[in-house]
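S.K.:
Numbering (my numbering), first residue to last: 1321 to 1688.
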């Protein structure tokens, strides 16, 4: 099925791209006597070509957004909260319809022993999600995420008093304030992603934790937001200082138009890229891990998770059923073991390779 959809999409996109030069020529030269106009001088183009172009562009952006959401947010979140050393379990395919384990000769050790973390690979993670929650499980929490994005955009413009994009510090402070104000929605999204499907049957507004719970997560959300803005502002200010980036009121970033970039410009661009990568690995990722693990520690004790989950976080806190509280920010990072950190970084590399590999394959196919 996926192959057929991919082939159909390929032909639609290829046809739309082939019609793009003609559509652009019609817009730029409406009175051209090249056969693209009628007797009154009005453009006589193919509405179908424009429709295919618009539809294909929308579909491409939609699919790209869904893939980025699943691979860039859902999978890493599950990897951050998964217990790398869970207890033995009974595999789903080893259980009969009446709930009793199947007795397969020589298969006891295979079905009763966890071979490794589920989130080691993207494929195993997606397969596990679909097995537990159905086809739409990899897109869980999408409605909450869209609400968060919409609300965040409104609050940022409100807190920044409508300041333009050139006012970097003002908009960064407004972004931090907006993300802290939306802590309850962020917490709800994390709980929606890591919970079993049965726990997400209720409308999401009924799953928003009480104030006494989500206020404990505010410091972790603030830390993650500040770290994200630092990783954004420092490379940006450096680019402005070395004249690799220009700012105006209409767009956030504009690269200078240079026919032949100088060696200094190229070196500056490479330095900005390396600095951004270093800040992301050393600051933003640890802050994000901390926020997600603190949010996960606030999960209700009567809610099961879709991946193995250590509610004590390597003994840092008592389980909620025993009166344990929310995990602290420092303990949240310390309890994230080195094997888990390595697994998360490998998963990030897989996501990057997957995204770039798909782009390269599309370029090759369009060139044929």
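Using N, Cα and C, we set each Cβ at its ideal position, and we do this for glycine too.
If you're wondering where the values come from, they're calculated on a predicted model, not measured in any experiment.
Between residue 1530 and the rest of its own chain, which residues show a CB-CB distance below 7 Å, the 5 nearest in sequence each way excluded?
M.R.: Result list for residue 1530: empty, nothing under 7 Å.
S.K.: Can at least three beta-carbon pairs, one atom from the segment 1519-1526 and one from the segment 1586-1598, be found at a separation below 8 Å?
M.R.: Result no; under three Cβ-Cβ pairs closer than 8 Å.
S.K.: Can you list, in chain order, the residues of its chain with a C-beta nearer than 6 Å to that of residue 1623? Leave out the 5 residues immediately preceding and following it.
M.R.: Within the same chain, residue 1623 has close Cβ partners 1515 and 1519.
S.K.: Which residue from 1544, 1405, 1626 and 1502 puts its Cα closest to that of residue 1658?
M.R.: Considering only alpha carbons, the answer is 1405.
S.K.: Excluding sequence positions up to five away, which residues of its chain have a Cβ less than 8 Å from the Cβ of residue 1689?
M.R.: An answer regarding residue 1689 cannot be provided, because it is not within the stretch 1321 to 1688 covered by the chain.
S.K.: Keeping to the same chain, check which residues put their C-beta closer than 6 Å to that of residue 1545; ignore five residues upstream and five downstream.
M.R.: These residues qualify, in order along the chain: 1496 and 1499.
S.K.: Do residue 1663 and residue 1440 come within 8 Å of each other at the CB atom, strictly closer than that value?
M.R.: Closer than 8 Å, so yes.
S.K.: Just to confirm the assignment, what range does the alpha helix (DSSP H) spanning residue 1499 have?
M.R.: 1488-1501 is the span of the alpha helix (DSSP H), which, as asked, contains residue 1499.
S.K.: What are the partner residues of residue 1515, as DSSP defines its beta bridges?
M.R.: 1625.
S.K.: Kindly list the residues whose CB is nearer than 7 Å to the CB of residue 1479, restricted to its own chain and excluding five residues on each side of it in sequence; keep chain order.
M.R.: Here the set comprises 1494, 1497 and 1498.
S.K.: Take residue 1528 and list the residues in its own chain whose beta-carbon comes closer than 6 Å to its own, dropping the five residues that flank it on each side.
M.R.: Here the set comprises 1504 and 1508.
S.K.: Quick one: is residue 1668 near chain D, going by C-beta distance under 8 Å?
M.R.: Note that chain D does not occur in the displayed structure, where there is just one protein chain.
S.K.: Which of the three DSSP states, helix, strand or coil, is assigned to residue 1448?
M.R.: Helix at residue 1448.
S.K.: Which residues bound the alpha helix (DSSP H) around residue 1534?
M.R.: 1531-1534 is the extent of the alpha helix (DSSP H) around residue 1534.
S.K.: Rounded to the nearest angstrom, what separates residue 1464 and residue 1380 at their Cα positions?
M.R.: Those two C-alpha atoms are separated by around 22 Å.
S.K.: Under DSSP, the alpha helix (DSSP H) around residue 1478 begins and ends at which residues?
M.R.: First-last of the alpha helix (DSSP H) with residue 1478: 1462-1479.
S.K.: Taking the alpha-carbon of residue 1398 as reference, which of 1385, 1457, 1384 and 1386 has the nearest alpha-carbon?
M.R.: Selected option, being the one with the closest Cα: 1457.
S.K.: What three-state label does DSSP hand residue 1437 in the structure shown?
M.R.: Coil.
S.K.: Consult DSSP for residue 1634 and reduce its assignment to one of helix, strand or coil.
M.R.: In this structure, residue 1634 counts as coil in the three-state DSSP scheme.
S.K.: Rounding to the nearest angstrom, what Cα-Cα distance links residue 1559 and residue 1392 in this structure?
M.R.: Cα-Cα distance, rounded: 26 Å.
S.K.: Could you give the DSSP three-state label for residue 1589: helix, strand or coil?
M.R.: Reduced to three states, the DSSP call for residue 1589 is helix.
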